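All remarks here apply to the structure that follows.
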Amino acid sequence: MTMDHLLSVDQFDRDRIDALFALARAAEPVARRRKVCRALEGAVLGNLFFEASTRTRISFAAAFCRLGGAVCDTTGFTFSSMAKGESIHDTSRVISGYVDALVVRHPERGAVAQFAQATHVPVVNGGDGPGEHPSQALLDLYTIGCEFARSGRRVDGAHVALIGDLKYGRTVHSLIKLLSLYRGLRFTLIAPPGLEMPEQLCEAVARRGHHVEARSTLLQRLDELDVAYATRIQRERFSGESIEGYTPEFRVDKSFLDTCCGPQTVLMHPLPRDSAPGAHDLSTDLDTDSRSAIFRQSDSGVAVRMAIFATLLGVERRLQGPLPDAGWRSPQRIGPNDAPFYTLDAASRGWSA
Amino acid sequence: MTMDHLLSVDQFDRDRIDALFALARAAEPVARRRKVCRALEGAVLGNLFFEASTRTRISFAAAFCRLGGAVCDTTGFTFSSMAKGESIHDTSRVISGYVDALVVRHPERGAVAQFAQATHVPVVNGGDGPGEHPSQALLDLYTIGCEFARSGRRVDGAHVALIGDLKYGRTVHSLIKLLSLYRGLRFTLIAPPGLEMPEQLCEAVARRGHHVEARSTLLQRLDELDVAYATRIQRERFSGESIEGYTPEFRVDKSFLDTCCGPQTVLMHPLPRDSAPGAHDLSTDLDTDSRSAIFRQSDSGVAVRMAIFATLLGVERRLQGPLPDAGWRSPQRIGPNDAPFYTLDAASRGWSA
Amino acid sequence: MTMDHLLSVDQFDRDRIDALFALARAAEPVARRRKVCRALEGAVLGNLFFEASTRTRISFAAAFCRLGGAVCDTTGFTFSSMAKGESIHDTSRVISGYVDALVVRHPERGAVAQFAQATHVPVVNGGDGPGEHPSQALLDLYTIGCEFARSGRRVDGAHVALIGDLKYGRTVHSLIKLLSLYRGLRFTLIAPPGLEMPEQLCEAVARRGHHVEARSTLLQRLDELDVAYATRIQRERFSGESIEGYTPEFRVDKSFLDTCCGPQTVLMHPLPRDSAPGAHDLSTDLDTDSRSAIFRQSDSGVAVRMAIFATLLGVERRLQGPLPDAGWRSPQRIGPNDAPFYTLDAASRGWSA
Chain L
1 MTMDHLLSVD QFDRDRIDAL FALARAAEPV ARRRKVCRAL EGAVLGNLFF EASTRTRISF
61 AAAFCRLGGA VCDTTGFTFS SMAKGESIHD TSRVISGYVD ALVVRHPERG AVAQFAQATH
121 VPVVNGGDGP GEHPSQALLD LYTIGCEFAR SGRRVDGAHV ALIGDLKYGR TVHSLIKLLS
181 LYRGLRFTLI APPGLEMPEQ LCEAVARRGH HVEARSTLLQ RLDELDVAYA TRIQRERFSG
241 ESIEGYTPEF RVDKSFLDTC CGPQTVLMHP LPRDSAPGAH DLSTDLDTDS RSAIFRQSDS
301 GVAVRMAIFA TLLGVERRLQ GPLPDAGWRS PQRIGPNDAP FYTLDAASRG WSA
Chain C
1001 MTMDHLLSVD QFDRDRIDAL FALARAAEPV ARRRKVCRAL EGAVLGNLFF EASTRTRISF
1061 AAAFCRLGGA VCDTTGFTFS SMAKGESIHD TSRVISGYVD ALVVRHPERG AVAQFAQATH
1121 VPVVNGGDGP GEHPSQALLD LYTIGCEFAR SGRRVDGAHV ALIGDLKYGR TVHSLIKLLS
1181 LYRGLRFTLI APPGLEMPEQ LCEAVARRGH HVEARSTLLQ RLDELDVAYA TRIQRERFSG
1241 ESIEGYTPEF RVDKSFLDTC CGPQTVLMHP LPRDSAPGAH DLSTDLDTDS RSAIFRQSDS
1301 GVAVRMAIFA TLLGVERRLQ GPLPDAGWRS PQRIGPNDAP FYTLDAASRG WSA
Chain D
2001 MTMDHLLSVD QFDRDRIDAL FALARAAEPV ARRRKVCRAL EGAVLGNLFF EASTRTRISF
2061 AAAFCRLGGA VCDTTGFTFS SMAKGESIHD TSRVISGYVD ALVVRHPERG AVAQFAQATH
2121 VPVVNGGDGP GEHPSQALLD LYTIGCEFAR SGRRVDGAHV ALIGDLKYGR TVHSLIKLLS
2181 LYRGLRFTLI APPGLEMPEQ LCEAVARRGH HVEARSTLLQ RLDELDVAYA TRIQRERFSG
2241 ESIEGYTPEF RVDKSFLDTC CGPQTVLMHP LPRDSAPGAH DLSTDLDTDS RSAIFRQSDS
2301 GVAVRMAIFA TLLGVERRLQ GPLPDAGWRS PQRIGPNDAP FYTLDAASRG WSA
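Residue numbers (my numbering), protein chains in the order written: chain L, 1 to 353; chain C, 1001 to 1353; chain D, 2001 to 2353.
Structure follows, in structure tokens:
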């Protein structure tokens, strides 16, 4: 597969997803610190964050480093030359003369595409405001595949519930588009009044032959639910009254998982979750429940982003070939609450089996 | 050539320039992502920017990375220990214990020289306010040499126009000093009233046997012009009235290039250019004209800065020896408007021929 | 020695200190740019500074780079996801999925320990407000050992004066704890009234069999003094009146060293020193006195932090084995005032002898 830039999930069909995820699986032993890859030794990433997003920035940077490359970061709202009136075109073309790939996060929709128009150096959309954040949607789908693989399930025919702010949440918009590429899914869309999934997206999904059902209450049985995907409450987008709809009953917690979901349900959330008092975001009482995949999900970001860089820079084979062992000691599990089946070694084995 | 620090263009004579540029040419295949160099593997750069300058910071960082080194950045106006009353001497000596080279950008003239006095670790002046920015002048001269080489021209005897704010623009001051080291040049200095080149610089240039002519209007024929070097309008240095002199007639655009210059004229600009409405800075209608070298100029920064580091750290031979190929895919051209002759491969070949 | 996290000097006994310092000595030729180590090639450090501390940040980063690893930095008071209500637990667990080790500096006591509770990836306390800063205390003790080694002295039985703000200075609290692990020391604690060492610390030191004497004036003979450790005046912690106690008579300068100390006294200071007018901090007239070890002390930070990372990541043997020479040129001495015996080569030889 060749790809000039990664700007939108609309660039993907199932073949491209399969190719990318095969590469992400090959990257797992490196992302999980078992192997070392030097494919990008000598290459430089421009990691341009015009909007703060520490975890996304570090996830991209770590992915590039694990391929052997070096990273130049910029953070903050003011890019000095842009403050002097420089156009996006000029900024992009100049920085492209220094680096081998660009990740750009920008508060304005379409700004990253403008970066891409000015350069043949590959540009990755790291989130363009209310626009897209394609690497997040890809790692979400990849995580679903990983979780299903353990129990022999497939994405085709799965039952997926999307929960929370489905109106403003760009991650669920991109994810439902990617899931729609598969066959015969059942979507239950659970949103407080006023925060429903946009009508046209629902229609597009239905037209592809999927079953779509909308609800406005959370506490109701979900039959044979495969995935419960809860979104972060984007308080920064609300005015005073509409957040009122986000009542405590909408909180996803262990009681919801035990009562309304099943033993096979995979719980996901794009993180960060708001743990401030009264936030009603995803409860921490789920952290010891092995159905919660929220940290396995964020962990997946490194392997998926390695696959993105490897594709854009044409080093797929270097990642798929034999790789030397990492020379340092890594813990068997990352977090003390990580599920027993989720050791770093097992994860690698799981994928190579 | 040995050099302890790079603080000023006054450190250079023609032999030193020739040696540095020979090294920059050797660095081109690496700067252009065709080859990989590991000469500085294990070395660390302290990239200290006490004033924001994203492109300069990334250009230095990329140059150090392409030599195989690692970079520690600091950005922002407050350096935490300096805020606690630490002297430049102490800051320089302490950081010098951690790194192998320092790039320092500082808003005050002379501050970088103070850094250099406190350490034997090489210090590069990345711009000291109204003082100097020697790597910019060197890459400007290097670009002129590259552009001339394609058409068999030499710097000796060339006709160079410097256009715009010649009073405050430190880049043109440093550039005219370097050009004065060559023989029999003709300088046309075109500045709005009140922004003329300082008299003593003009006299020094004339004393070296060059022809200097000053003008206050742009739109006039320039005979056999080899280089038109336009400066950025430094709006931040003006009070309300003096910027008035910067009328639209002073704008360098395609019409100026077609009417007043020739088919061989190389158009340069240190960037960033101000593309805000009413800025009258360099027009974008020049971007598809192959005479515009503005992005070839900024691209040159990496090779020239690699040569600077290689000289300061004594790894010239590693850069000049045979180097392994880069393992990843790079585009043939960086920008979609790049001139047809300016592919990454051709540029490398051009230099090695 | 195995160690999960480095949170406090309380984790150390003499055997652990000996093991760590043996490793730091092995790291010296790399820290001093004579040798290159690639033990952590492919590894990534998350260098999370929630509070500005440029020198500490760069010292840790340089140490990780000199072991062959790559560094992802975050700086500034706002961590974007924490601003969205994310808990320390979540931040720690998520970033741990990306990196191989974490250095965390945080303004609140105990915050770094919270980071460590959420992850099996090793966490290093880079300073938690009024809490601890264990790597500083370790490099202080290491420096004492290095200085003593040159003249054949031992830590056991040494006479150490701690001078200045002994109430708030966390570095002296941690250092006296570490020194207490040795035998038969004599401590002279010299503090202005109101800034004395906490009583319980003095008692704990005395219980271990050391001799502790307190004074409130500086200018008095100190018999056979081995170490004079002056602290930085933490002006940011004082209200108007209490800083009054910090009279000029409390200033450590060459006259104090000549009059009250001896020819063997090693002068130390954690830096930065406040060189602003009227600060009464450590005088610069000491900089050319070879008894001043203040920059040798800060230089030691790289080797000690390399030893910390090597221990946490289990690559001790890679550092102790034969290592290739560095390929670039380094100065013989770092600073122009460095003592004649302190060349980079001699230092390496000194340790390997």
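All residues carry an ideal CB built from backbone N, CA and C; glycine is no exception.
As the structure is a computational prediction, the values presented were derived from the model and not from experiment.
With its beta carbon at least 8 Å from every one in chain C, residue 54 of chain L lies outside the interface. Selection L:272, L:82, L:73 and L:108 evaluated against residue 101 of chain L yields L:73 as nearest (Cα-Cα). Fully enclosed beta strand (DSSP E) runs of no fewer than 3 residues occupy 2266-2268 of the segment 2257-2289 of chain D, in order along the chain. Less than 8 Å separates the beta-carbon of residue 159 of chain L from that of residue 186 of chain L. In this chain, the beta strand (DSSP E) harbouring residue 1046 of chain C covers 1044-1049. In the DSSP assignment, residue 1227 of chain C falls outside any alpha helix (DSSP H) and lies within the beta strand (DSSP E) extending over 1227-1230. CA-CA distance, residue 2029 of chain D to residue 2035 of chain D, rounds to 5 Å. Distance check between residue 1277 of chain C and each of C:1251, C:1290 and C:1257 places C:1251 closest, using alpha-carbon atoms only.
Look at residue 1327 of chain C here: in three-state DSSP terms it is coil, with no helix or strand label. Scanning D:2261, D:2283 and D:2321 for the CA closest to the CA of residue 2274 of chain D turns up D:2283.
For the segment 85-98 of chain L, the set of residues with a beta-carbon nearer than 9 Å to any beta-carbon of chain C comprises 85, 86, 87, 89, 90, 91, 92, 93, 94, 95, 96, 97 and 98, in chain order. D:2180 is the residue among D:2260, D:2180 and D:2113 whose C-alpha sits nearest the C-alpha of residue 2157 of chain D.
Using a Cβ-Cβ cut-off of 9 Å, residue 2039 of chain D is close to 327 and 328 of chain L, given in chain order.
Nearest to residue 178 of chain L by C-alpha distance, out of L:138, L:105, L:262 and L:260, is L:138.
Per the coordinates, the alpha-carbon of residue 2069 of chain D lies some 55 Å from the alpha-carbon of residue 1222 of chain C. Taking the Cα positions, residue 50 of chain L is about 44 Å away from residue 2001 of chain D.
Collapsing the DSSP output to three states places residue 1150 of chain C in a helix.
Taking 8 Å as the cut-off, the Cβ atoms of residue 2062 of chain D and residue 1044 of chain C count as close. Annotated three-state conformation of residue 2341 of chain D is coil, per DSSP. The shortest CA-to-CA distance from residue 1297 of chain C to any of C:1306, C:1312 and C:1268 is the one to C:1268.
When DSSP reads this structure, residue 1213 of chain C sits in a beta bridge with C:1188. Residues of chain D with a Cβ closer than 7 Å to the Cβ of residue 1296 of chain C do not exist; the shortest Cβ-Cβ separation is about 29 Å.
Remark: C-beta atoms of residue 116 of chain L and residue 306 of chain L do not approach each other more closely than 8 Å. Here DSSP, grouped into helix, strand and coil, assigns residue 2037 of chain D to coil. At a C-beta separation below 8 Å, residue 1120 of chain C has these neighbours in chain D: 2331, 2332, 2333, 2334, 2335 and 2336.
Look at residue 6 of chain L here: in three-state DSSP terms it is strand.
The C-beta distance from residue 2225 of chain D to residue 2161 of chain D rounds to 6 Å, short enough to meet the 8 Å contact threshold. If you draw a 10 Å sphere on the C-beta of residue 83 of chain L, you find fewer than 16 other C-beta atoms in it, and that means exposed.
In this structure, the straight-line span from the alpha carbon of residue 2197 of chain D to that of residue 2309 of chain D is close to 31 Å. In terms of CA proximity to residue 169 of chain L, L:128 leads the group L:114, L:145, L:27 and L:128. Contact with chain L is found for residue 2044 of chain D, since one of that chain's Cβ atoms lies less than 8 Å from the residue's Cβ. 8 Å or more divides the Cβ of residue 300 of chain L from the Cβ of residue 65 of chain L. Bounds of the alpha helix (DSSP H) holding residue 1089 of chain C are 1088-1096.
Contact check for residue 120 of chain L and residue 1336 of chain C: beta-carbon distance about 7 Å, within the 8 Å limit, so the pair qualifies. Under the 10 Å beta carbon count, residue 1322 of chain C is surrounded by fewer than 16 other beta carbons and is classified as exposed.
Within chain D, the residues 2044, 2072, 2098 and 2099 have their CB atoms less than 7 Å from the CB of residue 62 of chain L, given in chain order.
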